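Novice:
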Amino acid sequence: MVGPDLVRIDLHTHSTRSDGTQSPTEVMAAAAQAGLDVVALTDHDTSQGWAEAASAAAGFGLQFVPGMEISCVFGQMSVHLLSYFHDPADDALHGEVSASRTSRITRAERFVASLATEVDLTWRQVQAQVAPGATVGRPHIADALVANGIVADREEAFADLLHAQGRHYVSHYAPDLIAAIGLVRAAGGVPVLAHPRARHRGSVLSDDQIQALAQAGLVGLEVDHRDHTQSERAALRELAGPLGLIMTGASDYHGDGKPNRIAENLTHPQMFAELVAAAGA
Ligand code: AMP
Ligand code: FE
Ligand code: FE
Ligand code: ZN
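Laid out in structure tokens, this is it:
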């Protein structure tokens, strides 16, 4: 029998279909290079990279897991929800992420208009950083700021100019978290909270709120993620157990866009088996 450490599973990566810096094929190549056996592509608010990734993964002998990371709101809080194995053609789910993607374009344009009062930046320069059809995000604005020599990297752009509490920040339409959990389930998908205790992004969900989400149909929590301390991971494990939530681990790889290295955190094969079993339920 193959031991748990011999099946390497990373369930959270991004490509140029959103804010990663590598194509879906290049992400799959990086996954193979890192010795992964199973890898998910989870671009923000889009399933458009699946076909390319699936075919590249097959060529590398990798098991491909189709996924998506949905930007949601929970009250005033911004929360990321991972969805696995959903039907990408499901009208209700596709309608919500399409609305979010459209709103992201006007939002980025308004963001740039505000930034342009302070730094040398045009909307055209930002558009040049976005692959055709990709989900537009702050990282693309960051890349244009880097190209213009205003900041050294994405990290520096987010520290001030693009900060969520900053003077230029503009929000975009995003579905309600509880509604999104229902839409993912209705589309045959498995909803998992992405980096639920990543505090640097702002306020995070409480234990009670996560319990309410479990009652609303949430299936899992991303526990092993670089934005969680060891004590936060331990606390999430204690929370997930009694609620019957699956626990995952993943890199949140963005190519060169973030320091996160592919395969730096992994999902236990038993947890992955439960996630697969939950699909279509
Ligand atoms: P948006 O969805 O447009 O609000 O942008 C959020 C995205 O920016 C997230 O998905 C992260 O991948 C990325 N991001 C957030 N903070 C940083 C950072 N410090 N460095 C690089 N990327 C970041
Ligand atoms: Fe991202
Ligand atoms: Fe995220
Ligand atoms: Zn992510």
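For the sequence shown, the numbering used here begins at 2 and goes up steadily by one. Even glycine gets a Cβ: it sits at the ideal position worked out from N, Cα and C. None of these values were measured; they are calculated from a predicted model.
(1) Would you list the residues whose beta-carbon is nearer than 5 Å to any heavy atom of ligand 4, in the order they occur in the chain?
(2) Please determine whether the Cβ atom of P1 lies at a distance below 7 Å from any heavy atom of ligand 2.
(3) Decide if R186 is buried, meaning its Cβ has at least 16 other Cβ atoms within 10 Å, or exposed.
(4) Pull the bridge partners of T249 from the DSSP assignment, please.
(5) If I'm right that M69 touches D44 with Cβ under 8 Å, what's the distance once you round it to whole angstroms?
(6) For ligand 1, I want to know if E156 counts as a neighbour, meaning its beta carbon is within less than 7 Å of at least one of the ligand's heavy atoms.
(7) State the DSSP-derived secondary structure class of D44, mapped to helix, strand or coil.
(8) Do you know whose CA, among L246, A280, E265, G281, lies nearest A32's CA?
(9) Are the segment 219-239 and the segment 86-101 touching, with three or more C-beta to C-beta distances below 8 Å?
(10) Going by CA-CA distance only, name the one from S79, T14, E53, L63 that's closest to A181.
(11) Note the first and the last residue of the continuous beta strand (DSSP E) segment covering V66.
(12) If distances are taken between C-alpha atoms only, which option among S48, M248, F65, A199 comes closest to A55?
(13) Taking the beta carbon of A250 as the centre, do at least 16 other beta carbons fall within 10 Å, making it buried, or is it exposed?
(14) Got a sec, what are the start and stop residues for the alpha helix (DSSP H) S79 sits in?
(15) Any idea what DSSP makes of A244, helix, strand or coil?
(16) Tell me, which residues are paired with L194 by DSSP?
(17) Is it right to say Q231 is buried, meaning 16 or more other beta carbons lie within 10 angstroms of its own, or is it exposed?
(18) Which residues does DSSP list as the beta-bridge partners of Y254?
(19) For ligand 2, which residues count as neighbours when the test is a C-beta closer than 7 Å to any heavy atom?
(20) Taking the C-alpha atoms as reference points, what is the distance between Q212 and F75?
Specialist: This is what the structure gives:
(1) E70, D253
(2) Outside the modelled stretch of the chain, which goes from 2 to 282, sits residue 1, for which no answer is possible.
(3) Numbered from its first residue, the sequence shown carries residue 186 at position 185. Buried.
(4) As a position in the sequence shown, residue 249 is number 248, starting the count at 1. BP columns for T249 point to E223.
(5) Walking along the sequence shown from the start, residue 69 turns up at place 68. Walking along the sequence shown from the start, residue 44 turns up at place 43. The Cβ separation is near 6 Å, so the contact holds.
(6) Reading the sequence shown from its first residue, position 155 is the one you call residue 156. Checking the Cβ of E156 against ligand 1 gives yes.
(7) Working through the sequence shown from its first residue, we reach residue 44 at position 43. In this structure, D44 counts as coil in the three-state DSSP scheme.
(8) Along the sequence shown, read from residue 1 onward, the residue named residue 32 stands at position 31. Checking every option, the nearest Cα to that of A32 belongs to E265.
(9) no
(10) Along the sequence shown, read from residue 1 onward, the residue named residue 181 stands at position 180. The option with the nearest alpha carbon to A181 is S79.
(11) Against the sequence shown, residue 66 aligns to sequence position 65. Here the beta strand (DSSP E) through V66 covers 64-75.
(12) Translated into positions along the sequence shown, residue 55 becomes position 54. For the residues S48, M248, F65, A199, the minimum Cα distance to A55 belongs to F65.
(13) Mapped onto the sequence shown, residue 250 falls at position 249. The identity of residue 250 in the sequence shown is Gly, whereas the question assumes Ala. Buried.
(14) As a working note, residue 79 is residue 78 in the sequence shown. Premise fails: S79 lies in the beta strand (DSSP E), 78-85, not in any alpha helix (DSSP H).
(15) Position 243 of the sequence shown, counted from the first residue, corresponds to residue 244. Contrary to the premise, residue 244 reads as Leu rather than Ala in this sequence. Here L244 sits in helix by DSSP.
(16) Here residue 194 refers to the residue found at position 193 when the sequence shown is read from its first residue. Answer is L82, L222, bridged to L194.
(17) Your numbering for residue 231 matches position 230 in the sequence shown. Answer is exposed; the Cβ neighbour count stays below 16.
(18) Here residue 254 is taken as the residue at index 253 of the sequence shown, counted from 1. Answer by DSSP bridge pairing, in chain order: T14.
(19) H15, S19, D20, H45, G138, P140, H255
(20) As a working mapping, residue 212 is identified with position 211 in the sequence shown. As a working mapping, residue 75 is identified with position 74 in the sequence shown. Their Cα atoms are separated by approximately 14 Å.
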